[in-house]
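Residues in the sequence shown are numbered from 989 upward in steps of one, following this note's numbering. The C-beta atom is built at its ideal place from N, Cα and C for all residues, glycine as well. All of these numbers come straight from a predicted model, not from anything done at the bench. First up is the structure itself, then whatever we jot down about it.
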Amino acid sequence: MFNLRRGRKIVIILLIALTVLSIVGGVGWYVWDMHTVRTVYVEGNIHYTEEEIKALVMDGVFGDNSLYLSMKYKNRGITDVPFVDAMDVNILAPDTIKITVYEKALAGYVKYMGAYVYFDKDGYVVESSAIRTAGIPQVTGLSFDHIVLGQPLPVQGEHEEVFGTILDLTKLLNKYEIMADRIYFHSDKQITLYFGNVKVALGNEAARLEDKLMRLPKMLPGLGDKAGTIQMESYNEKGDYTFKPE
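What follows is the structure, encoded as structure tokens:
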């Protein structure tokens, strides 16, 4: 009789334990499933696609769970990604996160030893990559004999102060939504922009860059596939610039 009662107690305890485990497991699964990320917003990315950013942030076995991500990125961002200063991860809802990308301010790139070497507004070499980033102009006409990551681009000769001008050009090109293929600095500090078959001779009037560039969105489309040069060496208040066909 004693063994029977003891057996019943053990069975009851096991049933209670299984019931508790089932409830805890069910609640745990429900909570975990509720926090499965189904919507991801990505903003600020240029060099990387949204899918690449998601893969960088949501890596690992539990990378698609907002609870895990909130603990992983609590009070810290991601700072070890090329071309990126930082990435912040914010939990908007149990199933929704927002990734904000703060990319490094790239002024331009030069081609060196078969690679695209990107530099910032102060001329510091930011990254060297086999990938060309859209929207960042190539800069030619500068002379240098070596490049070191994290160090200023060692420009020689008359072009040591061009980096501010390059950044101004980049900002203005983005502002007026025109994408130059190349920026060429002549030895006498004259500047030429290349848009396919069309060259734009800007001269060396740094103070008049915006006055000239703001005319291009209307001029370039009308030229079609024509080859030639828009002569903007001297500022024209009326905007009457000449196109010289080749």
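Its chain contains Lys-1086 as the residues whose beta carbon lies nearer than 6 Å to that of Tyr-1029, once the 5 sequence neighbours on both sides are disregarded; these appear in chain order. Between Phe-1071 and Lys-1092, the beta carbon gap of about 6 Å places them in contact (Cβ cut-off 8 Å). For Thr-1084, same chain residues with a beta-carbon under 6 Å away, outside a window of 5 residues either side, are Thr-1027 in chain order.
Val-1098 and Leu-1055 have their C-alpha atoms roughly 43 Å apart.
Beta-bridge pairing by DSSP links Gly-1216 to Val-1186 and Pro-1233. Sequence-distant Cβ neighbours of Thr-1153 in its own chain, meaning closer than 7 Å and more than five residues away, are Ala-1194.
Taking all protein chains in view, the Cβ of Lys-1163 is surrounded by fewer than 16 other Cβ atoms within 10 Å, so the residue is classified as exposed. Closest in alpha carbon position to His-1035, among Ile-1124, Met-1101, Tyr-1061 and Ala-1081, is Ile-1124.
Counting of Cβ neighbours within 10 angstroms places Gly-1111 among the buried residues, the total reaching 16 or more. Cβ neighbours of Asp-1199 within its own chain (closer than 8 Å, five residues either side excluded): Tyr-1223.
Between the beta-carbon of Ile-1066 and that of Val-1045 there is about 7 Å, and that keeps the pair under the 8 Å contact cut. A straight line joining the alpha-carbon of Val-1186 with that of Val-1136 spans about 34 Å. CA-to-CA, the gap between Phe-1151 and Lys-1232 works out to about 29 Å. Going by beta carbons, Leu-1161 and Met-1167 fall inside the 8 Å limit. Asn-1063 counts as exposed, since fewer than 16 other beta carbons sit within 10 angstroms of its beta carbon. Sequence-distant partners of Gly-1032 (beyond 5 residues in either direction) whose C-beta falls short of 8 Å from its own C-beta, in its chain, are Thr-1088, Val-1089, Tyr-1090 and Glu-1091. Note on geometry: alpha-carbon atoms of Phe-1173 and Leu-1094 lie some 18 Å from one another. When the five nearest sequence neighbours on each side are left out, the beta carbons in the same chain lying within less than 6 Å of the beta carbon of Leu-1155 are those of Ala-1095 and Lys-1109, in order along the chain.
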